[in-house]
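2 protein chains.
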Amino acid sequence: MNTLQLTSRERATLIRSRFFARLPQSTVEDVLKSASVSAYEERDVLFRQDENVDDVFLVLSGLVRLCRMGKDGREADVALFPEGEMFAETAMFLKQRATASAVAAERSVIVRLNGGKLQQLAATDHEVAQALIEHLCYRGKMTEDLLAEDRLLTATQRVANFILSHCPKDSTSFRLPFQKNVLAGKLGLAPEALSRAFSTLRQSGVMVRGRLIEIHDRPALERF
Amino acid sequence: MNTLQLTSRERATLIRSRFFARLPQSTVEDVLKSASVSAYEERDVLFRQDENVDDVFLVLSGLVRLCRMGKDGREADVALFPEGEMFAETAMFLKQRATASAVAAERSVIVRLNGGKLQQLAATDHEVAQALIEHLCYRGKMTEDLLAEDRLLTATQRVANFILSHCPKDSTSFRLPFQKNVLAGKLGLAPEALSRAFSTLRQSGVMVRGRLIEIHDRPALERF
DNA sequence: TCACTTGTTTGACCGGTGTCAACAACCCTT
DNA sequence: AAGGGTTGTTGACACCGGTCAAACAAGTGA
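In order, the protein sequences belong to chains A and B.
UniProt numbering numbers the first residue of the first sequence as 1 and each following residue consecutively.
UniProt numbering numbers the first residue of the second sequence as 1 and each following residue consecutively.
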């Protein structure tokens, strides 16, 4: 971990992010004044479950996993944040300890926004409050989607879903945006189960070579 | 369904609810001006998945289940709202169709708040925005908890958890706040699985008679 | 390039949970 | 009190998916 300056690409990511996109430049600058940028290696821990977290995080590049651990030591991912996503607001607004650990799932650059500042802005600036509300609605829906998928779909169906939703409608192939490892975690699967799901889907015309996924029969996938 | 006046008990529930408790009387009155109260029987549908929902709902008494249905017709509950809980904000703020259906899980009285009014208040009144933010954080955490439980715990462990968190620390028994049916749904279980979990827990000193649960060995439950 | 580490796949096995069917318990109405 | 519907329980069974172990592939660094 290391304190850095924003590169122009990172700044662009931040400004385009769901949360900041709707805010005026001046507000963005204001938030950034009390923010710090850090780089993390894969597996670096941003914060741990049960710690106090006073800041809000935003992924400038890379990928962050939110995971909870059970008392037996096993752990389960509850969210996965790609570039542009913001997280860890809940602990702050609820004045609670973190309910999960945040771990870099690959080399990442993260900006850490001052929680107090953000909270104060949310309380005085309608735009910020509005952005926060929409952000939280979005996040809530994400989690609810995950929960519903877990409860309604088998492993293979979840993988089929993922493929369909990540392969551009007009294309027949795409690259996985992250390691299979990580994908398994997001889908609530052991890596072995993910692998098996892929091999089941081969019968429906899904070819997997490394991170490259080819779909030869979209309707077959949708039927799953 | 039927339009009603607020009884004084219902009014009290509303004012004590997580969302309204922090707001001044005048704001509450303002919201109520464009609200309507309805009574529902068990299984009555408040709204259906994919419908447009312009209002926000708050449970004055009773219980509401939020459930999604998979394409094969099976359905999974994604949330359960007891007295005092508010829901269906997401559809409004995200301007999306409902991602789940809302069904009364027992005879219930629900107040329906005008969505546009609430949205307008959220945009102009800091207190309302603040209350909404905390509400959404709370809801997000609830869903995340459910997801984590599903992924980390077995059926029996989830039931043990539920019992522990609902039995007052100083007591040795309590009544289930709703039908086992509904509990099974909330825990993501088939009713049969819930039943089996209870009978497993009998070995750890849990006695179940109808809705009455007795705990004779708390530590044993915690060990599960 | 080779060795080494890390990630992925496959097989074998087994425990957990959904499903179906039958039955028991309970509630409500008459 | 009887009867009918609903709700909860139990057993049998299948299957999904977790775990362990081993083989294999890919990436990394010297």
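Beta carbons: idealized from backbone N, C-alpha and C, even for Gly.
Contact criterion: CB-CB distance below 8 Å. Does residue i meet it with respect to chain B?
i      : result
A102/A : no
K141/A : yes
L132/A : yes
R218/A : no
L94/A  : yes
C167/A : no
G70/A  : yes
L136/A : yes
G116/A : no
T99/A  : yes
G188/A : yes
I'd like to confirm the pairing. Which residues does DSSP put opposite residue i in its beta bridges?
i             : result
D55/A         : N114/A
E85/B         : E85/B pairs with nothing; no bridge assigned.
L183/B        : Paired residues: none, contrary to the question.
E214/B        : S173/B, M207/B
R65/B         : L80/B, V103/B
residue 291/B : Residue 291/B is absent from the model: chain B starts at 1 and stops at 224.
S108/B        : Y40/B
Do you know whose CA, among the options, lies nearest residue i's CA?
i             : options                        : result
E42/A         : Q179/A, R211/A, P219/A         : Q179/A
A156/B        : R107/B, Y40/B, R223/B          : Residue 156/B is actually Thr in this sequence, not Ala. Nearest C-alpha to T156/B: R223/B.
R68/A         : F198/A, L201/A, K186/A, L153/A : K186/A
L152/A        : R9/B, R74/B, V59/B             : R74/B
Y40/B         : I15/B, L63/B, E29/B            : L63/B
residue 228/B : T7/B, S165/B, H216/B           : Because chain B in this structure spans residues 1 to 224, residue 228/B falls outside the shown range and cannot be described.
T13/A         : D54/A, V109/A, L60/A           : L60/A
G160/A        : A21/A, A102/A, A184/A          : The sequence as given places Ala at residue 160/A; Gly does not occur at that position. That would be A184/A, whose Cα lies nearest to the Cα of A160/A.
R65/A         : L189/A, A100/A, R16/A, A220/A  : A100/A
Q96/A         : L221/B, E134/B, S171/B, E127/B : E134/B
L194/A        : Q203/A, V182/A, G205/A         : V182/A
L6/B          : V103/B, V109/B, V45/B          : V109/B
G188/B        : L212/B, R175/B, R202/B, R158/B : R158/B
R209/B        : R48/B, F198/B, R9/B            : F198/B
T27/B         : Y138/B, Q203/B, A129/B, V37/B  : A129/B
A98/A         : F47/A, T154/A, D217/A, E10/A   : F47/A
M86/A         : L212/A, E127/A, L136/A, R22/A  : L136/A
F20/A         : L132/A, Y138/A, L201/A, E144/A : L132/A
L121/B        : E127/A, R211/A, Q120/A, E106/A : E127/A
R211/B        : Q25/B, S173/B, T200/B, Q49/B   : S173/B
V103/B        : D170/B, D44/B, T200/B          : D44/B
R18/B         : P168/B, L58/B, R196/B, G70/B   : L58/B
K169/A        : Q25/A, H216/A, E106/A, R11/A   : H216/A
A50/B         : I163/B, G70/B, R9/B            : Inspection of the sequence shows that residue 50/B is occupied by Asp rather than by Ala. If we check each option's Cα against that of D50/B, G70/B comes out closest.
Where do the N-terminal and C-terminal ends of the alpha helix (DSSP H) with residue i fall, by residue?
i      : result
C137/B : 126 to 152
A104/A : Premise fails: A104/A lies in the beta strand (DSSP E), 101 to 104, not in any alpha helix (DSSP H).
R158/A : 155 to 166
L14/B  : 8 to 16
For the beta strand (DSSP E) containing residue i, name the first residue and the last one.
i      : result
E29/B  : Not the beta strand (DSSP E): E29/B falls in the alpha helix (DSSP H), residues 25 to 33.
A76/A  : 75 to 82
A190/A : Looking at the DSSP string, A190/A is not in any beta strand (DSSP E), and its letter there is neither H nor E.
L94/A  : Careful: L94/A lies outside any beta strand (DSSP E), inside the alpha helix (DSSP H) at 89 to 94.
S36/B  : 36 to 40
S173/B : 173 to 175
Against chain A, does residue i count as a neighbour if the rule is that its beta carbon must be under 8 Å from one of theirs?
i      : result
F57/B  : no
R151/B : yes
L146/B : yes
R18/B  : no
A122/B : yes
V53/B  : no
F178/B : no
L183/B : no
M1/B   : With a pLDDT of 42 at M1/B, under the threshold of 50, the modelled position of this residue cannot be trusted, and the question is left open.
A129/B : yes
L76/B  : The residue you asked about is not Leu; residue 76/B is Ala in the sequence shown. It does: the Cβ of A76/B has a partner Cβ on chain A nearer than 8 Å.
E89/B  : yes
Please determine whether the Cβ atom of residue i lies at a distance below 7 Å from any heavy atom of the ligand COA.
i      : result
T156/A : With respect to small molecules bound, the structure shown includes none, and the ligand COA cannot be examined in it.
Quiz item: Between the region 114 to 124 of chain B and the region 24 to 33 of chain B, do three or more beta carbon pairs fall short of 8 Å?
Solution: yes
Quiz item: Counting pairs of beta carbons, one from the region 135 to 151 of chain B and one from the region 74 to 86 of chain A, are three or more of them closer than 8 Å?
Solution: yes
Self-check item: the region 51 to 58 of chain B / the region 87 to 96 of chain B touching (three or more Cβ pairs under 8 Å)
Solution: yes
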